[in-house]
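Numbering (the working numbering), first residue to last: 10 to 1195.
Beta carbons are placed, not taken as given, at the ideal position from N, Cα and C, and that holds for glycine.
No experiment lies behind these values; they were computed from the predicted model shown.
In what follows, a structure is listed as structure tokens, so that the remarks can point back to it.
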């Protein structure tokens, strides 16, 4: 069906004059019955309607989660008169706020129209239709997802596609100009906040470069999630070899009513790099705005473009993330969407959400086979700065080795078939290859004057089998192994590739680097048949982990080895029929410098953690007269100022006239009245003063209060106690009796605002205990679990069903063995004596008290407190972890409190963390390690220990580090038996880096890295679950004590160093979780909180792991046990603080206080004893009987 040349949009608009002749072809109309690529068509015409919540495009699609205002086929006129048509989706309810726009731009269709390749590729690459609304442009953001996040989606049909006028251009300046015009048009909508961003993948990513180069004023940020940037080198003539079928198929899938740039014909007409190709190359120096760049290894199009974008974009506000998936799967994965939302929230909404603290570079690594990839390894740059470029030389026996071979050889292959020559290398240790590679090879051909060489790097298993990588996590696919995954490039990756035509082998010496050859492609340098020529072939970046014994295979062929994009006749043959005869690879002698250069990276086995949005700040408001006692300083002064800033009239009263007058002078809205809150007559006078000045009082904030000024309770005099009680209690009584009664009489009481013991400031003074805490008692505590709870435990065990177990698996390789689980469950039900273990636990001196947590309320805190008989013992705060508890102190407590002559003694305090043991459960979300540290610190101060030292492992490690950060004037030293230091670099820690580079790793450190790697790869599943879906996991361990048993006992087994756990020991530990006040599920909450932190002043990072890696200037001690779950080089630990003590033990695991109590105690005695690095850190408390 020919196109209608009478259509007003035919050939409309201007064509850039860039020094060459354009070639055009007719588009295939959307309604052409025999079009080779079928497309979904949507009738043309403007309409506006509301899509209701629950609306579905098809029964297979996700229902809308909100009401969306939908405008279809909005007309936007370009600078040359061409009319482009776009759809807009925006939330019906924006809460009165103006919102930003996200624009995905391409010719692929809008509103779900066009040719959606996801429906062509197997399994829809793991993205079922039920995960999408169906309104999204192919490779673009889903309106349902982004409207609910507070954005509008502007979805144009590009010039020359569908019903948009003009000729279709394949990238370049014209698309950039059109995007400029559309952006500036859309930013003027009265509902828009003036900020526009761009998002999308492939074409939608590439066009963002061209739009940003034009620098439209309202384009605030771009997110090119994979986009090539040099059409000649990346796509049409990579390595000088023409590649047309894919492009031809793409253009077939773009309906239009006019002309299209004939890309394949243009490519044939422009064999060498010239003005045409220059017009298709991105100039990143013109891009100045924030950019979030995504890259992958498996794409056959975009990898190098993403690297160039990172390297050359002219802004410091740029981020690069290499992901391990197929691009479409990644586009619609919730983690990626959340991450992109944080980026756009910062730069389109203007919110200070801490995005700038996101690592600049994150790189994922493939592992191949059934193993999941390593996600988001944090780096400072790309290529990775700590890369070591390594040469492996091709040998006559078809292997790769570390030195040039001496024996001459010629290896040949038939270049017209799939024949190849291969060279293998086996890794003697675990190795990560991350970045670019290059092959230098000498080749000849007797039958032809040119050669097309194709190169691929494959991974070999320990058994020598070729391995494959699924581009979609296997759990998303209906298969059981990678071998079953469909053999097409979107779903399966074989390895990185390089290609080069011999006549294009000339190097650009100015742009080429050690690891990446750049070819100018300006002329043909043909090869005389039989002549041997040197070829330097760049291999696109990779990120692959090779285990010890696994191998790398270099494959050289005359045919591409990449899998086809999909099973389609238009794209199945991807290389021209160009080669003739046999290609010969020459080695040895004068060709000995034939080598594969690859990028070897020293591995960081830990993921970085992805960044969360900042919390909303809520301001006080109102204009009513307010009265505040104790308003001359501290909390009261700050509260008075905030009320005044919000427009309120404020009266402050205080016994201190100087401070009161100073605060009143700070604002005309604040007046001061001197008075004593313990005297009724002063309250009466104050009420009269307020009524005279304002006629009424509306809000009462009773802030007056005092403390013992951190005196230990035994040192407080009777007079001091009477004063604290009078101020803290009598002031409340007088306020109620006089002020509140006045409000009741006037009928204006809207709620007694109470004492500021319950109104906490944003930050407590470090050593302050509030008046409520000063008055709350410390009471002895005994564990006494009701009989009905014990019986319920046994009933639940009796009702448990057990799964089967494969007979041929290694014990403990997949979790707790069934036989062990059944045996322990039976003993827990029939033989375990909780009352006996309860009695043993009650031998510990346990107490209960209330601690008020800033912004979180009051909590009952269970703790062990055993003072030493030595007067000058060192106060020691012992912080437990998971799956431990306060009971971990049992074995070391008697040793710690003894001493005094030859070794130091300690006063010992062991709190049960909130959500653990017999302490309260958290009352609301975001109860972070800061709050756990606040509990511990306030408990120590309440017990009279205003200065102390702290010890911890596992979660206790985090608490100890936050104590040192938040309360350095009180927490005088920190000792840890688990440590996750930062990975140092020449940029971050130049001195330590120099030491690290000059000091070989010890055998202990190498073993530690291996142990850490095992933990990350095989033992980290619990952490991922508890850090992402603790509520879901909590249902299982709450409903089934057998599940709880398996969940915890596995860790006791895996994390200890062959410790012989008795059944009673293990079941006591697990029973504490079952009988805990908050319940077993509550113990998992901190894992979610620590990886979903809200950045704020002083603590900008999302993951607590990163927060505690900072340098804290508090003496640090570290006991290193070989079976701990995190073990990194010792030098790195020095980046965390002044390391005054380090002990490296030959035995021991995660539970040091239980496995090797004498060893841990000796380490503490050495660190804090005479001659130790932390001796005398607590003034007047040396630990010795002096």
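Span of the alpha helix (DSSP H), counted from its first residue to its last, around residue i
{"i": "residue 849", "result": "843 to 850"}
{"i": "residue 1027", "result": "1012 to 1027"}
{"i": "residue 320", "result": "312 to 321"}
{"i": "residue 520", "result": "From DSSP, residue 520 is part of no alpha helix (DSSP H); its letter is neither H nor E."}
{"i": "residue 669", "result": "666 to 674"}
{"i": "residue 352", "result": "343 to 356"}
Residue i versus residue j: straight-line alpha-carbon distance, rounded
{"i": "residue 459", "j": "residue 392", "result": "32 Å"}
{"i": "residue 417", "j": "residue 505", "result": "28 Å"}
{"i": "residue 856", "j": "residue 957", "result": "19 Å"}
{"i": "residue 326", "j": "residue 1112", "result": "21 Å"}
{"i": "residue 859", "j": "residue 352", "result": "41 Å"}
{"i": "residue 1039", "j": "residue 894", "result": "19 Å"}
{"i": "residue 788", "j": "residue 849", "result": "19 Å"}
{"i": "residue 251", "j": "residue 245", "result": "6 Å"}
{"i": "residue 570", "j": "residue 308", "result": "14 Å"}
{"i": "residue 432", "j": "residue 998", "result": "40 Å"}
{"i": "residue 420", "j": "residue 414", "result": "14 Å"}
{"i": "residue 470", "j": "residue 476", "result": "6 Å"}
{"i": "residue 897", "j": "residue 368", "result": "37 Å"}
{"i": "residue 1002", "j": "residue 1016", "result": "21 Å"}
{"i": "residue 465", "j": "residue 448", "result": "10 Å"}
{"i": "residue 96", "j": "residue 82", "result": "5 Å"}
{"i": "residue 574", "j": "residue 969", "result": "53 Å"}
{"i": "residue 1046", "j": "residue 1088", "result": "9 Å"}
{"i": "residue 1092", "j": "residue 988", "result": "21 Å"}
{"i": "residue 490", "j": "residue 303", "result": "27 Å"}
{"i": "residue 146", "j": "residue 126", "result": "11 Å"}
{"i": "residue 790", "j": "residue 870", "result": "11 Å"}
{"i": "residue 70", "j": "residue 122", "result": "14 Å"}
{"i": "residue 106", "j": "residue 48", "result": "38 Å"}
{"i": "residue 287", "j": "residue 26", "result": "13 Å"}
Whole-number beta carbon distance between residue j and residue i, since they are thought to touch under 8 Å
{"i": "residue 567", "j": "residue 424", "result": "3 Å"}
{"i": "residue 794", "j": "residue 847", "result": "7 Å"}
{"i": "residue 660", "j": "residue 680", "result": "5 Å"}
{"i": "residue 967", "j": "residue 938", "result": "5 Å"}
Neighbourhood of residue i by C-beta, 6 Å cutoff - its chain only, sequence neighbours within 5 removed
{"i": "residue 1066", "result": "1132, 1156, 1157 and 1158"}
{"i": "residue 613", "result": "Per-residue confidence for residue 613 stands at a pLDDT of 41, beneath the threshold of 50, marking its modelled position as unreliable; the derived number appears in the next sentence. Excluding positions up to five away in sequence, the list reads 386 and 992."}
{"i": "residue 664", "result": "685"}
{"i": "residue 257", "result": "273"}
{"i": "residue 890", "result": "962, 963, 964 and 965"}
Selected residue, minimal CA-CA separation from residue i, among the options
{"i": "residue 59", "options": "945, 153, 32 and 16", "result": "153"}
{"i": "residue 265", "options": "360, 1006, 1008 and 46", "result": "46"}
{"i": "residue 335", "options": "61, 132 and 74", "result": "132"}
{"i": "residue 809", "options": "816, 1032 and 831", "result": "831"}
{"i": "residue 594", "options": "543, 741 and 585", "result": "543"}
{"i": "residue 588", "options": "813, 600, 554 and 512", "result": "512"}
{"i": "residue 198", "options": "609, 134, 110 and 165", "result": "110"}
{"i": "residue 1169", "options": "909, 1081 and 900", "result": "900"}
{"i": "residue 605", "options": "434, 487, 240 and 684", "result": "434"}
Delimiting residues of the beta strand (DSSP E) encompassing residue i
{"i": "residue 727", "result": "Residue 727 -> not in any beta strand (DSSP E); alpha helix (DSSP H) instead, spanning 727 to 734."}
{"i": "residue 821", "result": "No beta strand (DSSP E) contains residue 821, which DSSP labels as neither H nor E."}
{"i": "residue 560", "result": "560 to 566"}
{"i": "residue 450", "result": "440 to 454"}
{"i": "residue 338", "result": "Where residue 338 is concerned, there is no enclosing beta strand (DSSP E), although the alpha helix (DSSP H) it sits in stretches over 336 to 340."}
Contacting residues, own chain, Cβ-Cβ under 8 Å from residue i (five flanking each side not counted)
{"i": "residue 261", "result": "37, 44, 45, 46 and 579"}
{"i": "residue 747", "result": "689, 692, 693 and 696"}
Proximity test, Cβ basis, 8 Å: residue i and chain B
{"i": "residue 1094", "result": "In the structure shown, chain B cannot be found, because there is only a single protein chain."}
Neighbourhood of residue i by C-beta distance below 7 Å, restricted to the same chain and skipping five residues each side
{"i": "residue 765", "result": "Bear in mind that a pLDDT of 46 at residue 765, under 50, signals an unreliable position, so the model cannot answer this."}
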